[in-house]
DNA sequence: GTCTATAGCCGGATAGAC
DNA sequence: GTCTATCCGGCTATAGAC
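Protein chains in written order, with the numbering used here: chain A, 52 to 253; chain B, 52 to 253.
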């Protein structure tokens, strides 16, 4: 096996994801990353041209993995409502267990330049987003698929994003941060609205 | 009138809000702010002890204004569904017209420390959040008010937060960024879920 | 591939004159 | 209140030895 030293590159990326997610691009120095990896800053420049390049490699790595998992769920053969339920659950699970992914995404929404946004939209999220839009259109043919798809993402992701402040807001319970509870709430809301009438649909 | 020079302080805060919102704490230097105001960096230290203090003054100013306007809407005398509709519209309007407020809030969710989160929760958002929870409980007595309140906020705010990437995603239309369209979509979703049946409940 | 050493810049903050 | 001048620390990035 000749793969003993070339995975330094992967180690750098993995730790960069963690650090950039935690503190943001400007608050992570090349020194910080080098320290985490256990090498000197100068050595890092052997693997990456500069800090920007390393950052780009990090977000691509982090986002691509999630996007492909979610796109898979949407290719499943099943009735639309069941597929939606699965998608919501999987999205909640992925976003919940990978805080770095979530935070990098939040940071990109804030500070990503237009070129990067376009890249992410077209090369990373497009496929999944289209499939999600088609799924909701199957459930309600008259809806606006773009708006509805965003609504689904918002319900799941915003719950997780607001966790740091929610713990101080009235009515907070431990369950509010659990995957099952969030996914169930979102699915129910999407099916029935606030009116908690009818079917508990599995 | 003796208020000619002491509003330098207010000018500093106003421009800081704009700059911190645009670029984030770490990416705005004291020099940048001083330049914007039209004074030298050293003069800024006459008005504020340090950069942190100035930042805190900025977010308090930005957040308090919005919170009080929204709390007002919730004190209105009207049927629950009408109040909810008004709240959603007002929230969408405020968040839409004040990008700085929105971005500062996003940044705080990412990088606010626990002490600041607690302060914001208790001193700035609590009142409004409680009232919103009580309102949804009026509409559905069996719901979880905390979760439902967050869901409402998420539907409105996430639409706006994702604007930079949505423009590159399939199905995007100009209307998707207009206050009326967003508020209407959110209200309908909350009332009926994805199923676009019954009442258009103006 | 990783090191030491260092260049060169930009940041927050202070001292003291006006 | 605002200025000029300056300190000093941290930052990205490079040069060149091993």
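The C-beta atom is built at its ideal place from N, Cα and C for all residues, glycine as well. Fair warning: this is a prediction, and the values are worked out from it, not measured in the lab.
For residue i, is the beta carbon positioned less than 7 Å from some heavy atom of the ligand FMN?
i                     : result
residue 82 of chain B : The ligand FMN is not part of this structure, which contains no ligands at all.
With residue i and residue j assumed to form a contact (beta carbons below 8 Å), what rounded beta-carbon distance in angstroms separates them?
i                      : j                      : result
residue 217 of chain A : residue 227 of chain A : 7 Å
residue 138 of chain B : residue 156 of chain B : Not quite, the Cβ-Cβ distance comes to about 17 Å (not below 8 Å), so this is no contact.
residue 242 of chain B : residue 245 of chain A : 7 Å
residue 145 of chain B : residue 117 of chain B : 5 Å
residue 160 of chain B : residue 213 of chain A : 6 Å
residue 178 of chain A : residue 122 of chain A : 5 Å
residue 168 of chain A : residue 219 of chain B : 6 Å
residue 197 of chain B : residue 102 of chain A : Not confirmed; about 40 Å, so no contact.
Within its chain, find whatever has a CB closer than 7 Å to the CB of residue i; leave out the 5 residues flanking it on each side and keep chain order.
i                      : result
residue 133 of chain A : none
residue 87 of chain A  : 66 and 70
residue 256 of chain B : Chain B is shown from 52 up to 253; residue 256 of chain B falls before or after that span and cannot be answered.
residue 180 of chain A : 200
residue 127 of chain B : 134 and 137
residue 223 of chain B : 217
From what residue to what residue does the alpha helix (DSSP H) around residue i run?
i                      : result
residue 61 of chain B  : 59-74
residue 116 of chain B : 102-124
residue 185 of chain A : 177-190
residue 92 of chain A  : 92-98
residue 168 of chain B : 165-170
residue 130 of chain B : No alpha helix (DSSP H) holds residue 130 of chain B; DSSP gives it neither H nor E.
residue 229 of chain A : Note, residue 229 of chain A: premise wrong, no alpha helix (DSSP H); not H, not E.
residue 85 of chain A  : 81-88
residue 220 of chain B : Element bounds for residue 220 of chain B: n/a, residue is neither H nor E.
residue 200 of chain B : 196-212
residue 193 of chain A : Looking at the DSSP string, residue 193 of chain A is not in any alpha helix (DSSP H), and its letter there is neither H nor E.
residue 159 of chain A : 150-162
By Cβ distance below 8 Å, which residues in the same chain neighbour residue i in space, the five residues on each side in sequence not counted?
i                      : result
residue 186 of chain A : 125, 131, 134, 135 and 138
residue 53 of chain A  : A caution first: residue 53 of chain A carries a pLDDT of 42, below 50, which makes its placement in the model too unreliable to give a value.
residue 64 of chain A  : 105, 108, 109 and 112
residue 215 of chain B : none
residue 232 of chain B : 226
residue 194 of chain B : 187 and 188
Ordered along the chain, which non-local residues of its own chain (more than five positions away) have a Cβ less than 6 Å from that of residue i?
i                      : result
residue 151 of chain A : 68, 69 and 72
residue 237 of chain B : 139, 206 and 207
residue 92 of chain B  : 81, 82 and 85
residue 239 of chain A : none
residue 90 of chain A  : none
residue 190 of chain B : 131
Open item on the list: For the stretch 160-176 of chain B, list every residue whose C-beta sits within 8 Å of some C-beta in chain A, in sequence order.
Closed with: 160, 161, 162, 163, 165, 168, 169, 171, 172, 173 and 176
- [ ] Taking only beta carbons into account, state which residues of the stretch 203-215 of chain A come closer than 8 Å to chain B, listed in chain order.
- [x] 204, 205, 206, 208, 209, 210, 212, 213 and 215
Task: Meets three-Cβ-pair contact criterion under 8 Å: the stretch 202-218 of chain B and the stretch 199-214 of chain A - done: yes
Task: Sufficient close CB pairs (3 or more, under 8 Å) joining the stretch 178-192 of chain A to the stretch 89-105 of chain A - done: no
Task: Positions along the stretch 72-85 of chain A whose CB lies within less than 9 Å of some CB in chain B - done: 74, 75, 76, 77 and 78
TODO: Would you list, in chain order, the members of the stretch 147-159 of chain B that have their beta-carbon closer than 9 Å to a beta-carbon of chain A?
DONE: 154, 157, 158 and 159
- [ ] Report the residues of the stretch 185-197 of chain B with a CB closer than 8 Å to any CB of chain A, ordered along the chain.
- [x] 187, 190, 191, 193, 194, 195, 196 and 197
Open item on the list: Give me the subset of the stretch 235-249 of chain B whose CB atoms are less than 8 Å from a CB atom of chain A, sorted by chain position.
Closed with: 236, 237, 240, 241, 242, 243, 244, 245, 246 and 247
- [ ] Would you list, in chain order, the members of the stretch 114-140 of chain B that have their beta-carbon closer than 7 Å to a beta-carbon of chain A?
- [x] none
Task: Chain-ordered residues of the stretch 90-112 of chain A with a beta carbon less than 9 Å from chain B - done: none
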